[in-house]
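Residue numbers (our numbering): 1 to 229. The beta-carbon is built from N, C-alpha and C at its ideal position, and this holds for glycine as well. Read the structure below first, then the notes.
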C-alpha cells in the first residue's frame, strides 16, 4: 500500500511539482493549499507524513505544526517543513515547533523524495521497537506511547525516538554526532545543534513529571540518560 502524503502548499506551481514527484515516487499525495483544506484532509484520513509549507495564507505552517503536535490525531505523524528560510534560527524555530526535518527551497524532486523516505524509515524503525521501563518511565512500544507512572506523556515523534534510545542505553554518554547517527540515521544530514533542540524539548516534556533531570548534560562530551541524580 502506498504511503499517504499530505502536501500543504499554497503556491500552485510548487504544489503540482511536488505532487508529480510523489506520484513518480509511488506515494499517494493529497493536496491542500491552506490550513482549512489540510484539516479537512486529516479528518478524512490521517496521512503517513505531512509536507508543510512555512508561508501559508492565514495560519502559517509554523502555527500548524505546533497545533498538530498538540492534537492526539496528528501528534505522531512526521512533518517535513518546506521553506525558503534557510537561516539557522529559522530552522531551529521549525524544529522547536515539532517538525522532524526541513527542506529549503529551491529543492530537487530527488532530494525531497530522499528526505521523505529517510523520515519514513525512522518511523518504521520506531514501530518495531519494544517496550522498556526505567526510572518511573514506561514506553509501550506496540502502542507507541509513553507513561510516567500511570500518567500518559504527550510526546512528539522525534522526542519519542530520542527517549527510547536513551532508555535502552542508560548511564552512557553519547556525543551529539553519535546521537545523530543512532536516532536520526547516519545517512541523513542534520546539524548537530538539532540534538540540542530536541534535548531541550524532551526535558520540557518530562518536566511536569519531575523526570527531566534524568536527561543529563555532560560538559564537553554530550548527553547521558541516568536515574542517578
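Looking at the unbroken alpha helix (DSSP H) that takes in residue i, where does it start and where does it end?
i	result
residue 58	Where residue 58 is concerned, there is no enclosing alpha helix (DSSP H), given that its DSSP letter is neither H nor E.
residue 160	157-168
residue 36	35-44
Excluding the five sequence neighbours on either side, which residues of its own chain have a C-beta within less than 6 Å of the C-beta of residue i, listed in chain order?
i	result
residue 99	65, 79 and 81
residue 167	132 and 134
residue 40	none
residue 212	203 and 206
residue 178	none
residue 171	226
residue 218	173 and 224
Report all residues from its chain with a CB closer than 8 Å to the CB of residue i; omit the five preceding and five following residues, and keep chain order.
i	result
residue 152	145 and 146
residue 34	8, 10, 56, 57, 58 and 59
residue 5	22, 27, 28, 29, 30, 47, 48, 49, 50, 51 and 116
residue 196	176
residue 216	223, 224, 225 and 226
residue 77	46, 47, 48, 49, 50, 68 and 157
residue 15	7, 9, 31 and 33
residue 120	3, 48, 49 and 78
Spell out the partners DSSP gives residue i in its beta bridges.
i	result
residue 11	For residue 11, which the question treats as bridged, DSSP gives no partner whatsoever.
residue 50	6 and 79
residue 132	139
Just reading off the beta strand (DSSP E) that residue i is part of, what are its end residues?
i	result
residue 152	151-153
residue 102	101-104
residue 172	Premise fails: residue 172 is in no beta strand (DSSP E) and is neither H nor E.
If you run the structure through DSSP and keep just helix, strand and coil, what is residue i?
i	result
residue 28	strand
residue 137	strand
residue 148	strand
residue 73	coil
residue 108	coil
residue 226	coil
residue 232	The requested residue 232 is not part of the displayed model; the chain covers only 1 to 229.
residue 97	coil
residue 84	coil
Verify the CB distance criterion: does residue i have a CB-CB separation below 8 Å to chain B?
i	result
residue 194	Absent from the structure: chain B. Only one protein chain is present.
Leaving aside the five residues before and after residue i along the sequence, list all residues of the same chain whose C-beta is less than 7 Å from its C-beta, in chain order.
i	result
residue 159	198, 201, 202 and 205
residue 149	136
residue 113	21 and 25
residue 162	183, 198 and 202
residue 107	none
Those runs of the alpha helix (DSSP H) which lie wholly inside the stretch 176-224 and span at least 4 residues: 176-179 and 193-206
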